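Have a look at the structure below, then the notes.
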């Protein structure tokens, strides 16, 4: 299957700082990528759709100024959590579509202290 | 928003037993996907279904796309310890810009 790589796997940051998470499609081009958030023992919650060359589309209730998304190339989307606070601590996962299947990255565990 | 009803929430079974889980929705889906997620990892695609009535196998796993296009099931035969994890169904509604919706997951436990 297609490979989607996410980096870093985990990050600990201080409250008030910003954190960037990268999502790469390694063996295919992805015009659309998705960013999800997952709380412990919960399902995945779609945060936003990342579109190559245009603005991301955010789901209702997700602050676009808080979660900055940049999809600068067909193989890379980045999610920046700005001015992170402890309540932003979560598991963030990206995915990309290929031939009507959605493939996921390994996820990033963000802990804000 | 639209949610999928996935059941059961959790299962405790003996090694070697067969497992069945399902998902239902109130609207029609174009695609059904089944994923497995291990702790601290992203979901891994197990089976993808595209046509009503489609029955697809992947090793010991079998999944079907319901005739009404509003449901799907996943069966695991002869479970083994590495089957432990969380299984998610996911579906793509018609005309919804490639976005998919996830069920809440079925947590599979295998008793020693």
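Residue numbers (this note's numbering), protein chains in the order written: chain A, 55 to 167; chain B, 4 to 115. Think of the CB as a built atom: it goes at the ideal place given N, C-alpha and C, for glycine as much as any other residue. If you're wondering where the values come from, they're calculated on a predicted model, not measured in any experiment.
Range of the contiguous beta strand (DSSP E) that encloses residue i
i, result
"residue 154/A", "First-last for residue 154/A: undefined, no H or E at that position."
"residue 10/B", "8–10"
"residue 35/A", "The structure shown has nothing for residue 35/A, since chain A only spans 55 to 167."
"residue 83/A", "It is not in any beta strand (DSSP E) - residue 83/A carries neither H nor E in the DSSP assignment."
"residue 93/B", "88–96"
"residue 63/B", "Here residue 63/B belongs to no beta strand (DSSP E), and DSSP marks it neither H nor E."
"residue 77/B", "74–79"
"residue 1/B", "Here chain B has residues from 4 to 115 only, and residue 1/B is not among them."
"residue 65/A", "64–67"
"residue 58/A", "58–61"
"residue 126/A", "121–127"
"residue 112/B", "109–114"
Cβ-heavy atom distance, residue i to the ligand ZN, below 7 Å
i, result
"residue 113/B", "Looking at this structure, you won't find the ligand ZN or any other ligand, since it has none at all."
Close beta carbons around residue i, own chain, < 7 Å, minus the five adjacent residues each side
i, result
"residue 81/A", "56 and 57"
Close-in-space but distant-in-sequence residues of the same chain around residue i (CB under 6 Å, 5 per side omitted)
i, result
"residue 124/A", "132"
"residue 36/B", "51 and 93"
"residue 42/B", "none"
"residue 10/A", "With chain A running from 55 to 167 in the structure shown, residue 10/A is simply not present."
"residue 112/A", "102 and 118"
"residue 20/B", "82"
Residue i, buried or exposed, once every other Cβ within 10 Å from all chains shown has been counted against 16
i, result
"residue 46/B", "buried"
"residue 117/A", "exposed"
"residue 103/B", "buried"
"residue 95/B", "buried"
"residue 156/A", "buried"
"residue 93/A", "exposed"
"residue 62/B", "exposed"
"residue 83/B", "exposed"
"residue 98/A", "buried"
"residue 114/B", "exposed"
Same chain only: Cβ atoms within 8 Å of residue i, ignoring 5 sequence neighbours per side
i, result
"residue 165/A", "64, 65, 66, 67 and 143"
"residue 74/B", "25, 26, 27 and 28"
Minimum Cβ-Cβ distance from residue i to chain C less than 8 Å
i, result
"residue 98/A", "Among the protein chains in the structure shown, which are A and B, there is no chain C."
Residue closest to residue i, alpha-carbon to alpha-carbon, out of the options
i, options, result
"residue 86/A", "113/A, 152/A, 94/A and 161/A", "152/A"
"residue 120/B", "49/B, 90/B and 34/B", "Since the displayed chain B opens at 4 and closes at 115, residue 120/B lies outside it and no answer follows."
"residue 80/B", "59/B, 22/B, 15/B and 108/B", "22/B"
"residue 160/A", "115/B, 48/B and 25/B", "48/B"
"residue 167/A", "60/A, 62/A and 70/A", "70/A"
"residue 136/A", "128/A, 112/A and 73/A", "73/A"
"residue 10/B", "114/B, 113/B, 89/B and 101/B", "89/B"
"residue 91/B", "83/B, 85/B and 77/B", "77/B"
Length at least 3, wholly inside the region 22–54 of chain B: the beta strand (DSSP E) runs in chain order: If we require 3 residues or more, the beta strand (DSSP E) runs fully inside the region 22–54 of chain B come out as 22–27, 32–40 and 47–52.
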